[in-house]
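*Asks:* Residue numbers (the UniProt record's numbering), protein chains in the order written: chain G, 1 to 357; chain H, 1 to 357.
Cβ atoms here follow ideal geometry from the backbone N, Cα and C, with glycine treated the same way.
It should be emphasised that the depicted structure is a prediction, and the values quoted were computed from it without experimental measurement.
The structure is given below, and queries will be raised subsequently.
This is how it looks when you write it as structure tokens:
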């Protein structure tokens, strides 16, 4: 347990590129994507409980609050913050920050998405502990994941000078947008770059003060809601739709206010079926991995990923294929084209098939 | 109408390579594989009725007799011969021949599988008329389809000398087993080769006399059943499992007893999903053809064939793919690997999943 440490878990995002497994009504974080019997949200909670105990706050859409409560079981009052509508991560995390700032002046908060996979809980805990130590001194701290391959799917953190008094911790020189594989290969060769997993540790007041520097009315609105929770429904729709990275982290890095703590644990945001296949295939030798019922899958000279949905699935003569079976929709693609699944979802929305997305 | 012409329609074969669309309990010939609203059996009947009127006999497994009767509507008595068990094509066609020989001594019969596709009914009728003329003189006549590409999926007929008195008709020099594409390419360059579509026209007595030359007990058993139809159940299981091609056509060709009539109509036996895709894609420009509900299919940069089964099917970034959706089983393969679908069926049988095959 880390003293005064509060875990904030933004649970949002439709996981469009994981359609038809992930849907607006049944998003990624509520799903058991690893075949462990626990949803990503539950695994996130399991990972944070040893560090924060009951000081865990889940921020989620009003539509999902009941499902979150159901999955997490007995929670203390106030453990779920229901957003009246989706306003992106700055509003979600900022709301939790404003409430914590007012109610727990000594809190240090850490923000951890509900739909990421981290299997090494010990290394995760160690990194968070270090980050909390640094954050207590007023830094906005981000966990920098040691890259294991030149991914073009993640943003990168470029580290600067070492941070005195905290072995391993460094200034953040800049946040870098998702690069090409070529550029990412250069980053790995050069060194000093880590994956930005969007995990921030900070004192709530520090976060809001930083926000106030670039978006003063935004910070003011969040603090007004905390002072008068009854105003949430009224004020919320006026909040900007902006990610915390853009609203605070990037300008704060330029201003020299962000530190990073290195983290060497396995991490994945399972952004698409390619990364899900990678994740599920990690330990095994089998060329085709199955999420669901192994016995339902018949493979003849094929590799890739099959997600079962209750029926027999036969795959013949296709390499790196992705087959996702659900009761009302079926996806067939390849690992290489996994990102393009979002085009299907966009098409379904355009033609009014909201029942399927 | 062709005088004294009887059409015999063997309706059998599970269509294993069309799994999961075709099943033992719901075989290919009962399915509407062209999206016309008529099953292959119904289309075969439609094609034969102008030539044979009510003189059409369907030979099918006892399990399918009711479905056949249902699809074909009002039929005269004896129009469906139910085989107690599957004994291959010689027994099926031989049974019809033995009954016709006894009841209609002047009959000329033509045998046409229930699951082939022929769209040019006029050219088909003309070829059958010519074949009947030749068959009246005692020949076993086979329709030789003009090949349009060097197929390795069909057997070939090598023609010999012209048949005097029947312009276009020729002796059959030999039947040739399915060749490689290279060999087939040579056949097309050389000329004188036609596809063997297994369509035979012959006087029933001639067929049985030919059979008696190489399989005397087989012919005797068939004639015994015709003399005493009550013996069918008892005698049937003793009949050899052999195709008419091997039992009669091949040795008769060697003996100079087989003639061929050229036929230039489009013909396909839809042996697998590759040929189904070819057939359905013939008129269209669209790279991905759909059998079923077009609106249920979402395509992003893909080509091939999708058979819908009630759900939305999205295909992203795959060329020449085959996706077949049914309520209890799903197949994903490629046109090039369509033949290997039989391995899936074999595997399901091996593991006792007869409910799926």
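Only counting runs of 3 or more residues, tell me where the beta strand (DSSP E) segments fall wholly within the segment 90 to 157 of chain G, in order along the chain.
*Replies:* 108 to 111 and 140 to 145
*Asks:* Do you know offhand how far residue 177 (chain G)'s Cα is from residue 194 (chain G)'s?
*Replies:* Translated into the one-based positions of the first chain, residue 177 (chain G) becomes position 177. Translated into the one-based positions of the first chain, residue 194 (chain G) becomes position 194. The straight-line gap from Cα to Cα measures roughly 12 Å.
*Asks:* Roughly how many angstroms separate the alpha carbons of residue 125 (chain H) and residue 258 (chain H), rounded to a whole number?
*Replies:* By one-based count along the second chain, residue 125 (chain H) stands at place 125. By one-based count along the second chain, residue 258 (chain H) stands at place 258. Cα to Cα, the separation comes out at about 20 Å.
*Asks:* Kindly provide the ranges of any alpha helix (DSSP H) runs that are 4 or more residues long and lie completely inside the segment 38 to 69 of chain G, ordered along the chain.
*Replies:* Qualifying alpha helix (DSSP H) stretches, in chain order: 40 to 52.
*Asks:* With a threshold of 8 Å between beta carbons, is residue 136 (chain H) in contact with chain G?
*Replies:* In the second chain, the residue the question calls residue 136 (chain H) occupies position 136. No, its Cβ sits nowhere closer than 8 Å to a Cβ of chain G.
*Asks:* Please confirm whether residue 61 (chain G) and residue 12 (chain G) have their CB atoms less than 8 Å apart.
*Replies:* Numbered from 1 along the first chain, position 61 holds the residue referred to as residue 61 (chain G). Numbered from 1 along the first chain, position 12 holds the residue referred to as residue 12 (chain G). Yes, these two residues count as a Cβ contact at 8 Å.
*Asks:* How long is the line joining the alpha carbons of residue 121 (chain H) and residue 48 (chain H), rounded to whole angstroms?
*Replies:* Residue 121 (chain H) sits at position 121 when you count from the first residue of the second chain. Residue 48 (chain H) sits at position 48 when you count from the first residue of the second chain. Rounded to the nearest angstrom, the two C-alpha atoms are 9 Å apart.
*Asks:* If you measure from the beta carbon of residue 328 (chain H) to each beta carbon in chain G, is any gap under 8 Å?
*Replies:* The sequence position of residue 328 (chain H) within the second chain is 328, counting from 1. Residue 328 (chain H) counts as touching chain G.
*Asks:* Could you work out which residue in H:352, H:98, H:155 and H:162 is closest to residue 196 (chain H) when comparing CA atoms only?
*Replies:* By one-based count along the second chain, residue 196 (chain H) stands at place 196. Ranking the options by Cα distance to residue 196 (chain H), first place goes to H:155.
*Asks:* If you draw a straight line from the C-alpha of residue 147 (chain G) to the C-alpha of residue 188 (chain G), how long is it?
*Replies:* By 1-based counting over the first chain, the position of residue 147 (chain G) is 147. By 1-based counting over the first chain, the position of residue 188 (chain G) is 188. Roughly 7 Å separates the two Cα atoms.
*Asks:* Is any beta-carbon of chain H found at less than 8 Å from that of residue 100 (chain G)?
*Replies:* Reading the first chain from its first residue, position 100 is the one you call residue 100 (chain G). The Cβ of residue 100 (chain G) sits no closer than 8 Å to any Cβ of chain H.
*Asks:* Keeping to the same chain, check which residues put their C-beta closer than 6 Å to that of residue 272 (chain G); ignore five residues upstream and five downstream.
*Replies:* As a first step, residue 272 (chain G) is located in the first chain; it is residue number 272 there, counting from the start. Excluding residues within five positions, the ones whose Cβ falls inside 6 Å are 17, 338 and 339.
*Asks:* In terms of residues, what are the limits of the alpha helix (DSSP H) holding residue 344 (chain H)?
*Replies:* The sequence position of residue 344 (chain H) within the second chain is 344, counting from 1. For residue 344 (chain H), the enclosing alpha helix (DSSP H) stretches over residues 341 to 350.
*Asks:* Taking only beta-carbon positions, decide if residue 119 (chain H) is within less than 8 Å of chain G.
*Replies:* Here the question's residue 119 (chain H) lines up with position 119 in the second chain. Not flagged as an interface residue toward chain G: residue 119 (chain H), since no C-beta distance is shorter than 8 Å.
*Asks:* Residues in its own chain within less than 7 Å of residue 129 (chain H) by CB, not counting five upstream and five downstream?
*Replies:* Position 129 of the second chain, counted from the start, is the residue given in the question as residue 129 (chain H). Same-chain partners within the cutoff: 2.
*Asks:* With distances taken Cα to Cα, identify the nearest neighbour of residue 301 (chain H) among H:25, H:315, H:207 and H:295.
*Replies:* Within the second chain, numbered from 1, the residue matching residue 301 (chain H) stands at position 301. Answer by Cα proximity: H:315.
*Asks:* Which residues in chain H have a C-beta closer than 8 Å to the C-beta of residue 343 (chain G)? List them in chain order.
*Replies:* The residue you call residue 343 (chain G) lines up with position 343 of the first chain. Near residue 343 (chain G) (Cβ distances below 8 Å), the residues of chain H are 300 and 316.
*Asks:* Using the rule of at least 16 other Cβ atoms within 10 Å of the residue's Cβ for burial, across every protein chain shown, is residue 181 (chain H) buried or exposed?
*Replies:* Within the second chain, the letter at position 181 stands for residue 181 (chain H). Residue environment: residue 181 (chain H) is assigned as exposed (fewer than 16 neighbouring CB atoms within 10 Å of its CB, all protein chains considered).
*Asks:* So, is residue 183 (chain H) buried or exposed, given that buried needs 16 or more other C-beta atoms within 10 angstroms?
*Replies:* Translated into positions along the second chain, residue 183 (chain H) becomes position 183. Exposed, by the Cβ-count rule.
*Asks:* For residue 303 (chain G), I'd like the list of residues in its chain whose CB is within less than 7 Å of its CB, leaving aside the five on either flank, ordered along the chain.
*Replies:* Mapped onto the first chain, residue 303 (chain G) falls at position 303. Closer than 7 Å at the Cβ level, and outside the excluded window around residue 303 (chain G), lie 287, 288, 319 and 320.
*Asks:* When you compare only the Cα positions, how much space is there between residue 34 (chain G) and residue 311 (chain G)?
*Replies:* As a first step, residue 34 (chain G) must be located in the first chain, where it is residue number 34. As a first step, residue 311 (chain G) must be located in the first chain, where it is residue number 311. Within the model, the alpha-carbon separation for residue 34 (chain G) versus residue 311 (chain G) is close to 19 Å.
*Asks:* Residue 333 (chain H) and residue 345 (chain H): beta carbons closer than 8 Å?
*Replies:* What you label residue 333 (chain H) is simply residue 333 of the second chain in a count that begins at 1. What you label residue 345 (chain H) is simply residue 345 of the second chain in a count that begins at 1. Going by C-beta atoms, residue 333 (chain H) is not nearer than 8 Å to residue 345 (chain H).
*Asks:* Is the shortest distance between the beta-carbon of residue 332 (chain G) and the beta-carbons of chain H less than 8 Å?
*Replies:* Walking along the first chain from the start, residue 332 (chain G) turns up at place 332. Residue 332 (chain G) counts as touching chain H.
*Asks:* Starting from residue 274 (chain G), follow the alpha helix (DSSP H) in both directions and report where the run begins and ends.
*Replies:* As a working mapping, residue 274 (chain G) is identified with position 274 in the first chain. Judged by DSSP secondary structure, residue 274 (chain G) falls within the alpha helix (DSSP H) whose first and last residues are 273 to 281.
*Asks:* If we define contact as Cβ-Cβ less than 8 Å, is residue 21 (chain G) a contact residue for chain H?
*Replies:* Counting from 1 along the first chain, the entry for residue 21 (chain G) is found at position 21. No, because no Cβ of chain H sits closer than 8 Å to the Cβ of residue 21 (chain G).
*Asks:* Just to confirm my understanding: we take residue 22 (chain G), look at its own chain, exclude 5 residues before and 5 after, and list those with CB closer than 8 Å. What are they?
*Replies:* Looking up residue 22 (chain G) in the first chain gives position 22. 14, 15, 16, 28 and 31.
*Asks:* Kindly indicate if chain C contains any beta-carbon less than 8 Å away from that of residue 305 (chain G).
*Replies:* Looking for chain C here will not work: the only protein chains present are G and H.
*Asks:* Would residue 16 (chain G) pass as an interface residue toward chain H - the criterion being a Cβ-Cβ separation below 8 Å?
*Replies:* Numbered from its first residue, the first chain carries residue 16 (chain G) at position 16. No, no contact with chain H.
*Asks:* What's the C-alpha gap between residue 140 (chain H) and residue 330 (chain H)?
*Replies:* Here residue 140 (chain H) corresponds to residue number 140 of the second chain, with the count starting at 1. Here residue 330 (chain H) corresponds to residue number 330 of the second chain, with the count starting at 1. Each residue's alpha carbon lies about 43 Å from the other.
*Asks:* Compare the C-beta of residue 4 (chain G) against all C-beta atoms of chain H and say whether one is closer than 8 Å.
*Replies:* Working through the first chain from its first residue, we reach residue 4 (chain G) at position 4. Closer than 8 Å: no.
*Asks:* Could you list the residues in the segment 246 to 273 of chain G with a C-beta less than 9 Å from some C-beta on chain H, going in chain order?
*Replies:* Residues: none.
*Asks:* Mind listing the chain G neighbours of residue 323 (chain H)? Cutoff is C-beta to C-beta under 8 Å, in chain order.
*Replies:* By 1-based counting over the second chain, the position of residue 323 (chain H) is 323. Those are 330 and 332, listed as they occur along chain G.
*Asks:* Closest to residue 142 (chain G) by C-alpha separation, out of G:151, G:149 and G:132, would be which residue?
*Replies:* Your numbering for residue 142 (chain G) matches position 142 in the first chain. Answer by Cα proximity: G:132.
*Asks:* Determine, using beta carbons only, whether residue 356 (chain H) comes closer than 8 Å to chain G.
*Replies:* The residue given as residue 356 (chain H) occupies position 356 in the second chain. Answer yes: the Cβ-Cβ gap between residue 356 (chain H) and chain G drops below 8 Å somewhere.
*Asks:* Could you tell me if residue 137 (chain H) is buried or exposed, where buried requires 16 or more neighbouring beta carbons within 10 angstroms of its beta carbon?
*Replies:* For the purposes of this step, residue 137 (chain H) is taken as residue 137 along the second chain, with counting starting at 1. With fewer than 16 Cβ atoms within 10 Å of its Cβ, residue 137 (chain H) is classed as exposed.
*Asks:* Which one or two residues does DSSP pair with residue 263 (chain G) in a beta bridge?
*Replies:* Within the first chain, the letter at position 263 stands for residue 263 (chain G). Residue 263 (chain G) is bridged to G:145.
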